[in-house]
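**Student:** Chains as they are written, first to last, in numbering that gives the first Met the number 0: chain A, 0 to 291; chain B, 0 to 300.
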Amino acid sequence: MAVGVSTGYKVFRGFVYTGLGLVALLCILPMVNILAISFSEQGEVAKGNVFFWPRDFTVDSYRVMFREGAFLRAFGVSTMRVLVGTSLNIVLTLLMAYPLSKTAKILPGRNIFMWAMVFVMLFNGGLVPTFMLVRSLGLVDRFWALVLPAAVPMFSVILIMNFIRSLPPSLEEAAMIDGAGYGQVMLMVVVPLSMPAIATITLLSAVGHWNEYFSGLIYMNRSSNYPLQTFLYTMTAQRDINNLEQALAFAKVSDRTLISAQIFVAMIPILLVYPFLQKHFVKGIVLGSVKG
Amino acid sequence: MAREQKLGKVYPLYLMLIPGFVFLIIFNYIPLYGITIAFKDFFPSRGILGSPWVGLEYFEYMVSLPDTWRVVGNTFIIAILKILIGFPIPIITAILLNEVSHVGFKKTVQTMIYLPHFLSWVILGGMLVDLLSIDGGLVNSVLARFGREDPIFFLGDNNWFRPVLVVSDIWKEFGFGTIIYLAAIVGIDPNLYEAARVDGSNWLQSTRHITIPGMLPIVMLIAILNLGNIMNANFDQVFNLYNTLVYRTGDIIDTFVYRISLVDFNYSLGTAVGLFRSVVAFVLIASSQYLAYKYSDYRVF
């Protein structure tokens, strides 16, 4: 590590520390700005006086937000979605990954199943066919439209499958010699041993469900059925701006302190699981995507 | 065979596959049949079966629309700009971060740069809309203090929209890339550095002759995998940031498909454009995966 201690290297290292520190700060300054705005008085925000610390500290935005039925309802829909959607993802992932971890010799047809899954990972019918299907299944404005179409997280299946393959086969064989069937082996041996990988995909699934907004936007007609991110999308996106005047008008009427508070509250669940995410997803990368 | 029987019957394994494949058939395979909408004059009230065939009419219409070529061009330009400009940044960050010996500082930097990766484009887009607002947004407020008189309309100016997409994409994803490269650097044999030091090599020489060659396999792999993405300008990002003013430079294939299909309700045209996109993306991704397998021995499964 300590390659020589020349003055030149020390100066260089000083630059590295400063540079990286500044870049890192730059990455989170937008979050700090949003937080400061959410706790500031509206007039100060409109004057462009709020940078990284609240001006005329107030919790009014939060008071308004929590009084607002729409926000709380959307928060509830998202919470439900994370709980139900993630559970469904995990159960289906395990049920798919264990058989697919076998070779075609043990499980005839395994490669066909594998390719059948990989094919739809790479190729899909596009927006309209899926939309029409969900519609004809009568799922429009139903909670299930948010969790069923992506119930099988194919990337997670591959990740868990690779993990199971890396387990020593002797453990499984020992249980089978003791008379256990595949079902028991999976529950008693494979699942307990795969817990680190399962934790990784659980976090990724939960974060994915929390962050997803598009299915809520296209499958829900009633805004009372929106999950939180869809609700936020309708607050922040400004599609129909045709000229500068409209943009200014939009900026004038949009309640920046309230929206900032909503953005911050929508971030909180991610911030809460972030330490675990950081720990697990480094592993996840090693497990799944890069096996150089 | 004898061994298999000793190890139990395999039918439970097939049973386990059923639930997942039921979902895949319903939500992934049945929509493939819906692709026929592109070859029909589709009316939702008549259903797919009841709508009349029109052959390639919608594809001909698609090709004749100037908008199609504009969004195809934008998609490639935006995706390629992101790949080219975004590619070296995590590599450089990882090399520099590796020089940091203070563990606490290193951890703090990592924690701060990974965070945006886990936030949705709705949240990041909401922040950017506020940050770049022409009416008291942080960036324009700062510019004003430095003496700029007119605020820059970043999200409504065709000169600025693509740079905003590229920079905000880097903001969200470079931390993630950094981890991958950092893992590659950690895997380099430390004896190599030791030997180089004994031979009097300085930091720059060690980096050039040890660190970079050591990272090369991963760098190559990521470059190959990126090829699969040159048609992917990131729908979520554009969708959360764009508006009518920047259609000329910012409208991409996916946002175009969304508008024709679900705003203008021209389902057949939307399916046709979507199919065109799916086919090209399939070829690109499949080729990049094949190349990655061939040259880097990388396999997803």
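Here a beta-carbon is modelled for each residue, glycine too, at the ideal position from N, C-alpha and C.
Would you call N110 (chain A) buried or exposed, if buried means 16 or more other Cβ atoms sit within 10 Å of its Cβ?
**Tutor:** Exposed, because fewer than 16 other Cβ atoms sit within 10 Å of the Cβ of N110 (chain A).
**Student:** Report the option in B:Y257, B:A183, B:Y294, B:F26 whose CA atom is closest to the CA atom of L224 (chain B).
**Tutor:** Checked all of B:Y257, B:A183, B:Y294, B:F26; the closest Cα to L224 (chain B) is B:Y294.
**Student:** Less than 8 angstroms between CB atoms is the rule here; does W202 (chain B) satisfy it with respect to chain A?
**Tutor:** It does: the Cβ of W202 (chain B) has a partner Cβ on chain A nearer than 8 angstroms.
**Student:** So A115 (chain A) and I163 (chain A) are in contact, right, with Cβ under 8 angstroms, and what is the actual spacing, rounded?
**Tutor:** About 19 angstroms; that fails the 8 angstroms criterion.
**Student:** Residues in its own chain within less than 6 angstroms of L191 (chain B) by CB, not counting five upstream and five downstream?
**Tutor:** Here the set comprises I209.
**Student:** Using CA atoms only, rank isn't needed, just tell me which of B:L226, B:G249, B:A222 is closest to F304 (chain B).
**Tutor:** Outside the displayed span of chain B (0 to 300) sits residue 304 (chain B), for which this structure offers no information.
**Student:** Using only CA atoms, which one of A:I89, A:R54, A:E171 lies nearest to L192 (chain A)?
**Tutor:** Nearest of A:I89, A:R54, A:E171 to L192 (chain A), Cα basis: A:E171.
**Student:** Please confirm whether R276 (chain B) has its beta-carbon closer than 8 angstroms to some beta-carbon of chain A.
**Tutor:** By this cut-off, R276 (chain B) is an interface position.
**Student:** From B:I36, B:G155, B:I178, B:N157, pick the residue whose C-alpha is nearest to that of K105 (chain B); which is it?
**Tutor:** For the residues B:I36, B:G155, B:I178, B:N157, the minimum Cα distance to K105 (chain B) belongs to B:I178.
**Student:** Flag G84 (chain A) as yes if its beta-carbon sits less than 8 angstroms from any beta-carbon of chain B, otherwise no.
**Tutor:** Closer than 8 angstroms: no.
**Student:** How many whole angstroms separate the CB atoms of V272 (chain B) and I259 (chain B), which I take to be in contact at a CB cut-off of 8 angstroms?
**Tutor:** Contact flag correct, Cβ pair sits at about 7 angstroms.
**Student:** Under 8 angstroms between C-beta atoms, does T235 (chain A) make it to chain C?
**Tutor:** Absence of chain C from the displayed structure is noted, the protein chains being A and B.
**Student:** Verify the CB distance criterion: does F70 (chain A) have a CB-CB separation below 8 angstroms to chain B?
**Tutor:** Closer than 8 angstroms: no.
**Student:** Which one of A:F263, A:M131, A:Q261 has the shortest CA to CA distance from G33 (chain B)?
**Tutor:** The residue with the shortest Cα to Cα distance from G33 (chain B) is A:M131.
**Student:** Look up W114 (chain A) in the DSSP assignment and give the residues it is bridged to.
**Tutor:** W114 (chain A) pairs with nothing; no bridge assigned.
**Student:** Report all residues from its chain with a CB closer than 8 angstroms to the CB of V256 (chain B); omit the five preceding and five following residues, and keep chain order.
**Tutor:** Excluding sequence neighbours, V256 (chain B) sits near G269, V272, G273, R276.
**Student:** From the DSSP output, in three-state form, read off V2 (chain A) for me.
**Tutor:** Interpretation of V2 (chain A) is limited by its pLDDT of 48, a score under 50 that renders its predicted location unreliable; the figure taken from the coordinates is listed afterwards. Reduced to three states, the DSSP call for V2 (chain A) is coil.
**Student:** Take M30 (chain A) and list the residues in its own chain whose beta-carbon comes closer than 6 angstroms to its own, dropping the five residues that flank it on each side.
**Tutor:** Counting only Cβ-Cβ distances below 6 angstroms, and skipping sequence neighbours, we find nothing.
**Student:** Taking the straight line between their C-alpha atoms, what separation do you get for Y60 (chain B) and F264 (chain B)?
**Tutor:** Straight-line Cα distance between these residues: approximately 16 angstroms.
**Student:** For the alpha helix (DSSP H) containing D235 (chain B), list its first residue and its last residue.
**Tutor:** That run of the alpha helix (DSSP H) goes 234-240.
**Student:** Are any of the Cβ atoms in chain A nearer than 8 angstroms to that of W170 (chain B)?
**Tutor:** Yes, contact with chain A.
**Student:** Enumerate in chain order the residues of its own chain whose CB-to-CB distance from V190 (chain A) is below 6 angstroms, with the five nearest sequence positions on each side excluded.
**Tutor:** For V190 (chain A), where only same-chain residues beyond five positions count, there are no Cβ hits under 6 angstroms.
**Student:** Taking just the CA atoms, how far does F213 (chain A) sit from T35 (chain B)?
**Tutor:** Taking the straight line joining both Cα atoms gives about 24 angstroms.
**Student:** From I217 (chain A) to Y225 (chain A), what does the alpha carbon distance come to, in whole angstroms?
**Tutor:** Cα-Cα distance, rounded: 10 angstroms.
**Student:** For H101 (chain B), does the count of other Cβ atoms within 10 angstroms reach 16, so buried, or fall short, so exposed?
**Tutor:** Burial call: exposed.
**Student:** Give me whichever residues DSSP pairs with W52 (chain B) in a beta bridge.
**Tutor:** The partner list for W52 (chain B) (beta bridge, DSSP) reads B:K39.
**Student:** To the nearest whole angstrom, what separates the beta carbons of L93 (chain A) and I159 (chain A), a pair I think is in contact under 8 angstroms?
**Tutor:** Their Cβ separation, rounded to whole angstroms, is 7 angstroms, which keeps L93 (chain A) and I159 (chain A) in contact under 8 angstroms.
**Student:** Name the chain A residues whose beta carbon is nearer than 8 angstroms to that of L215 (chain B)?
**Tutor:** What L215 (chain B) touches in chain A: nothing, since even the nearest Cβ is about 10 angstroms away.
**Student:** As a quick exercise: from A:A23, A:T233, A:N123, A:L202, pick the residue whose alpha carbon is nearest that of A93 (chain B).
**Tutor:** It is A:A23.
**Student:** For R72 (chain A), tell me which candidate among A:Q228, A:V272, A:P274, A:L271 has the shortest Cα-Cα distance.
**Tutor:** Per the Cα distances, A:Q228.
**Student:** Output yes if chain B places a C-beta closer than 8 angstroms to the C-beta of M95 (chain A); else output no.
**Tutor:** Output row for M95 (chain A): interface = yes.
**Student:** Just to check, is the beta-carbon of Q261 (chain A) closer than 7 angstroms to a non-hydrogen atom of the ligand GTP?
**Tutor:** The ligand GTP is absent from the structure shown, which contains no ligand whatsoever.
**Student:** Kindly confirm or deny that the stretch 191-202 of chain B and the stretch 41-61 of chain B touch, where touching means at least three C-beta pairs closer than 8 angstroms.
**Tutor:** Flag = no, the stretch 191-202 of chain B and the stretch 41-61 of chain B do not touch.
**Student:** At 8 angstroms on the CB atoms, spell out the chain B contacts of T129 (chain A), in chain order.
**Tutor:** Going along chain B in sequence order, the residues near T129 (chain A) (Cβ under 8 angstroms) are F26, P30, G33.
**Student:** Check for me: the alpha helix (DSSP H) holding N161 (chain A) runs from which residue to which?
**Tutor:** Looking at the DSSP string, the run of the alpha helix (DSSP H) that includes N161 (chain A) is 153-165.
**Student:** Looking at the structure shown, is D253 (chain B) part of a helix, part of a strand, or coil, going by DSSP?
**Tutor:** Looking at D253 (chain B) - three-state DSSP - the assignment turns out to be helix.
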